[in-house]
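Asker: Following this message is one structure expressed as structure tokens.
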Amino acid sequence: MSSTQTPSENGTRPSLLEVTDLVVKLPVEGQMRTVLDGINLSIHHGESVGLVGESGSGKSMTAKAIDRLLPPGAQVTGSVRFDGTEVLSLAGEPLRRFRRDVAMVFQDPRAHINPVRRIGDFMTEAALAHNLMSRSAATKRALELLDAVGINDGPRRLRQYPYELSGGMLQRVMIASALLTDPRLILADEPTTALDVTTQSEVMAILDDLRRHYEVALLFITHDLELASAVCDRTAVMYAGQIVEIRSSELLHDDPLHPYSAALAAARPRIDATSVRLRAVPGMPLSSFEAPVGECSFAPRCSFAIDDCRTHRPELTPLAGGLVRCSRAEDLRSTLAVVDD
Amino acid sequence: MTDQREPVLSVANLRKVFGQLVAVDDVSFELPEGGSFAIVGESGSGKTTIARMIVGLEHSTAGVIRACGSDRSTPTRSGALRRRRGREVQIVFQDPYSSLDPRQSVGDALDEVLRLHHDFDRPRREARISELAALVGLDERQTRALPRLLSGGQRQRVAIAKALAAEPRVIILDESVAALDVSMQAQVLNLLLDIRDETGVSYLIISHDLAVVRQLTEQAIVMKAGQVVEAGPTAQILDDPQHEYTQLLRASVPHRGWKPTRRIRTAT
Amino acid sequence: MVCAVVIALAALLAVVGPWIAPHNPEAANGADAWVGSVPGHLLGFDAVGRDLLSRLLAGARTSMLGPLIVVLASVMSGTLIAIVSAWRGGRVDAAIGSVIDIVFAFPGILLAILATTVLGVGLSAAVVALAIAYTPFLARVLRSAALIERGLPYVAALEVQGASSFTICVRHILPNLAPIVVAQATTIFGYAMVDLAAISFLGLGVQPPTPDWGVMVNENQSGVLQGYYQPSLIAGLCIVIVVVAFNILGERLYEQAQVRGR
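And the structure:
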């Protein structure tokens, strides 16, 4: 149970990460296409925020934009502030320092770990490149962290090559190495999607333990609403390049305000009951540039859409302890939760 | 029609050894006519190897596989026999992006299967293509399209339509909805249930996803490292798992109030 | 784009070159040897007093026909070997792989020299030798592409349907390999042209007085030492331009094939 209360929006301590009106356009076949359409998101010190969405929603692109890892030619407007510093204009040494504070954990560790270098070299590379510590200190720290992620024969592991480790093992190595530079924020992009469920459970537990122990904030990107609401303090749901709802995980899960959040939860089959039919969402998920202009981007698939939804695009509005982008949210309140049938 | 009591697909004492590794170890199960049966397991459990042996993509080391009253324990080189087996058991794979020939339109792909199995003339084939497309929820335009113009969910519908074109008695769904977005997955799961109602086809579901298995099947086996660790009615296995491993699987599925657990482990 | 224009122009010359040559490319007049550009003879004359432009135009055909035959033959055999190897796998694949490795060990030029001892000096011996020498290279590249294709689920699905191996290979795998085959063929054309020119230069390929760019570099090389660079250099330049164009286009096509494959 995630019982941590979210620090209030106007609390005494400023947010660690503050994303404001982030718009990202990417060149596709000679045209600039909007992939993120005005993202507003804050993450507090030590807080974990889930970012949930389907293909094309822009959830991975958000993490890439924050970490300044967008492909060349990308147009970015808006602001990303980390600990008070504007990130989008960073270059050179300050950018390197920022990247040290923000670690990234990817979905496929095998694609992000150099296959011809030993685990030890991979883990200590960043720390040594930043001259943070001596080689022996870095190795000592790597061993501590391997132990923390449940790899107890560290000295042997450091001498091994990536192909000698299973996917779950490599993901733990990736998490351990992400922590080596003492980051204050981890951006985890579907870190458990490629793993078996039992391994996912362990990797999530490790990530959660370490996050609390080292007081690191986490942006956890996933397609799995249940997983996000189980491990994150707050959850944001993305659709077509926009956040459509962001609230405490418990509230969002038990009493969703946006029809899309509710639909995502209702569409998944249940493990504890067999239903005759699933409540499928008609149509398919859209990217921002495919979404209809001048109306709510979810309206074409929404079973609650009325004429009003098709004539203007709703803003992210405060409601019930969070923000929701739906003009009917107030009317529909408390009617969207999944009811057992 | 075959004897009412004979299962449409049965596997007895199936075994597969790759070098030193025993991938499938003495697995037996029966799929009744019109039923759905799940093989549940994680990567390396041997579940996909079983599917590949049933459809003849892999030789079994030992054991008997029977479908629709005839033996298919070993793959055959005979074209006629392979086509007949194709009309008994079909398979839909996981990856919607590589399950279709990128150069073949949906209609052509279906036409190819129809020509392979049935002695239909052209108008009859065209009628059947429209029928199959309608059955899986694809419109006229999508039927003429190349796969790259379709979404993952639509491609998986095409793969299902291709399997159905052979009019098989059994369709093996090898993680067929695992790669789909949540909203697409629900559509395809509903579609699969509708198709079963309409055609009476039986399903063998290969999956790691307990919720999907619960939604689609009545009976299941749980596999770990090539062996069956638990077998029985799906609901019973999930509501009251007996084997330690099934309990772990069940507990690993995220849900409201879930706390991910760390096991004491010896590293592998 | 420029490459495509160069190649189209070269191909056009190969077809019409001998017809539009202003003079008889084999008619020699000793008195004109090494004479430079004069009215009616734009590029001047070669070592034995033949019109250089006419020899270049007429030579375009032989210079390009050789590589074309080499490419067609090696691409066909290479593709066939690659698909059989990838489809059958196991021992067949291993056996083919060993043979490929052995043939791979012989450079094309060496094979061509060996071939002339059997078939006699001339273009056909060189073409046969190069076609054999290039086959393993193509087979190896295409085999790995065919293996990837063969491993895709749509191929497995066709096998389960009971489609014949021939249908799967010819109607599905081959068309999907086509972009890579074309890209490789284009690149190989450039190599074949250089190798054939070299063989002709050595006097083992096209025999004088038949005009050919490789032969022309050879027969005018004495001029380079005497300060008459032009005849040798121009023939060499023609070879370089066409080869570079084919190489760049091949590279471009290969990249496109890779992109489409994803």
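Line by line, the protein sequences are chains X, L and Y. Per the numbering used here, the first sequence starts with residue 153, numbered consecutively. Per the numbering used here, the second sequence starts with residue 584, numbered consecutively. Per the numbering used here, the third sequence starts with residue 1013, numbered consecutively. A virtual CB, placed ideally from N, CA and C, is assigned to each residue, including glycine.
Mind checking if Arg797(L) is an interface residue toward chain X, Cβ cutoff 8 Å exclusive?
Answerer: Yes, Arg797(L) counts as interfacial toward chain X.
Asker: Between which residues of its own chain and Asp586(L) is the CB-CB distance below 6 Å, once the five residues before and five after are set aside?
Answerer: Residue placement at Asp586(L) cannot be trusted, given a pLDDT of 48 that sits under 50; the coordinates are not used to answer.
Asker: Measure the beta-carbon distance from Ser835(L) to Ser413(X) and round it to whole angstroms, keeping in mind my assumption that it falls under 8 Å.
Answerer: About 24 Å; that fails the 8 Å criterion.
Asker: In three-state DSSP terms, what is Met285(X)?
Answerer: Looking at Met285(X) - three-state DSSP - the assignment turns out to be coil, as it is neither helix nor strand.
Asker: Which residues of chain L have a Cβ atom closer than 8 Å to the Cβ of Pro437(X), listed in chain order?
Answerer: Those within 8 Å of Pro437(X) in chain L are Asp764, Ser766 and Met767.
Asker: Going by other Cβ atoms of all chains shown within 10 Å of its Cβ, with 16 needed for buried, is Thr487(X) buried or exposed?
Answerer: Thr487(X) is exposed by the Cβ-count criterion.
Asker: Is Glu813(L) buried or exposed, if buried means 16 or more other CB atoms sit within 10 Å of its CB?
Answerer: Flag for Glu813(L) reads buried.
Asker: DSSP beta-bridge partners for Asp757(L)?
Answerer: Answer by DSSP bridge pairing, in chain order: Ile789(L).
Asker: Cβ atoms of Leu188(X) and Ala215(X): under 8 Å apart, would you say?
Answerer: The answer is no: Cβ separation not under 8 Å.
Asker: Give a yes or no on whether the minimum CB-CB distance between Ser1182(Y) and chain L is below 8 Å.
Answerer: Here residue 1182(Y) is Val; the residue named in the question, Ser, does not match the sequence. Chain L contact via Cβ: absent.
Asker: Have a look at Gly1202(Y) and Asn283(X) and give me their C-alpha separation to the nearest angstrom.
Answerer: If you take the alpha carbons of Gly1202(Y) and Asn283(X), they lie about 50 Å apart.
Asker: Counting only the same chain and skipping the five closest in sequence on each side, list residues whose C-beta sits under 8 Å from that of Gly473(X).
Answerer: So the qualifying residues of the chain are Arg399, Ser400 and Leu403.
Asker: Is it a yes or a no for the segment 368-380 of chain X touching the segment 192-211 of chain X, going by three-plus beta-carbon pairs under 8 Å?
Answerer: With a cut-off of 8 Å, the segment 192-211 of chain X and the segment 368-380 of chain X count as touching, because enough Cβ pairs lie within range.
Asker: Once the 5 residues before and after Glu613(L) are set aside, which same chain residues still bring their CB inside 6 Å of it?
Answerer: Closer than 6 Å at Cβ, skipping near neighbours: Pro590 and Ser593.
Asker: Mind pulling the chain L residues with CB within less than 7 Å of Pro1243(Y)?
Answerer: Ordered by position in chain L, no residue passes the 7 Å Cβ test against Pro1243(Y), which lies about 49 Å from the chain.
Asker: Taking 8 Å as the threshold (beta carbon to beta carbon), is Arg431(X) in contact with chain L?
Answerer: Answer yes: the Cβ-Cβ gap between Arg431(X) and chain L drops below 8 Å somewhere.
Asker: Run through chain Y and tell me which residues come within less than 7 Å of Leu673(L), C-beta to C-beta.
Answerer: Note that residue 673(L) corresponds to Gln in the displayed sequence, not to Leu. Residues of chain Y passing the Cβ test: Val1172.
Asker: Any idea if Phe601(L) is buried or exposed, counting beta-carbon neighbours within 10 angstroms, 16 or more meaning buried?
Answerer: Under this definition Phe601(L) is an exposed residue.
Asker: Just the C-alpha distance for Thr1091(Y) and Val607(L), rounded to the nearest angstrom, thanks.
Answerer: Looking at the two C-alpha atoms, the distance is approximately 37 Å.
Asker: Can you give me the C-alpha to C-alpha distance between Leu310(X) and Ala255(X), rounded to a whole angstrom?
Answerer: So the alpha carbons of these two residues sit roughly 20 Å apart.
Asker: Can you name, in chain order, every residue of its own chain whose Cβ lies under 7 Å from the Cβ of Met584(L), other than the five neighbours on each side?
Answerer: Note that Met584(L) scores 45 on pLDDT, short of 50, meaning its location in the model is unreliable and no value can be drawn from it.
Asker: Is there a Cβ from chain B that is less than 8 Å from the Cβ of Arg655(L)?
Answerer: The structure shown has no chain B; the protein chains it does contain are X, L and Y.
Asker: When burial is assigned at 16 or more other CB atoms within 10 Å of the CB, is Tyr1241(Y) buried or exposed?
Answerer: Flag for Tyr1241(Y) reads exposed.
Asker: Looking at the strands, I want to know which residues DSSP matches up with Ser1066(Y).
Answerer: Beta-bridge pairing links Ser1066(Y) to no other residue.
Asker: Please list, in chain order, the residues of the segment 599-614 of chain L that have any C-beta partner in chain Y closer than 8 Å.
Answerer: Here the close residues number zero.
Asker: Just to make sure I have the definition right: I need the residues of chain L whose C-beta is within less than 7 Å of the C-beta of Tyr1166(Y). Which are they?
Answerer: Ordered by position in chain L, the residues that pass the 7 Å Cβ test against Tyr1166(Y) are Ser681, Ser682, Leu683 and Asp684.
Asker: Return the bridge partner residues of Met184(X) from the DSSP annotation.
Answerer: In DSSP, Met184(X) forms a bridge with Pro179(X).
Asker: Quick one: list the residues of chain L neighbouring Thr350(X), beta-carbon separation under 7 Å, in chain order.
Answerer: The answer, in chain order, is Glu625, Leu831, Leu832 and Ser835.
Asker: How close, in whole Å, do the beta carbons of Tyr1146(Y) and Ile1200(Y) come, if the pair is a contact with beta carbons under 8 Å?
Answerer: Confirmed, about 6 Å.
Asker: Of all the CB atoms in chain Y, is at least one closer than 8 Å to the CB of Phe703(L)?
Answerer: For Phe703(L), the answer is no, since every Cβ of chain Y falls outside 8 Å of its Cβ.
Asker: Say whether chain L places a C-beta atom closer than 8 Å to the C-beta of Ala1106(Y).
Answerer: Not an interface residue.
Asker: Quickly, what does DSSP pair Leu475(X) with across the bridge? List them, please.
Answerer: According to DSSP, which records beta bridges pairwise, Leu475(X) is partnered with Ile398(X) and Pro470(X).
Asker: Go through its chain and collect everything with a Cβ distance to Leu242(X)'s Cβ below 8 Å, but skip five positions before and after it.
Answerer: Closer than 8 Å at Cβ, skipping near neighbours: Arg220 and Phe250.
Asker: Whole angstroms is fine: what's the gap from Gln737(L)'s alpha carbon to Ala769(L)'s?
Answerer: Their backbone Cα atoms lie some 13 Å apart in a straight line.
Asker: What does His405(X) touch in chain L if you count any residue whose Cβ is under 9 Å from its own?
Answerer: The contacting residues are Arg839.
Asker: In whole angstroms, what separates the C-alpha of Gln673(L) from that of Pro1191(Y)?
Answerer: If you take the alpha carbons of Gln673(L) and Pro1191(Y), they lie about 31 Å apart.
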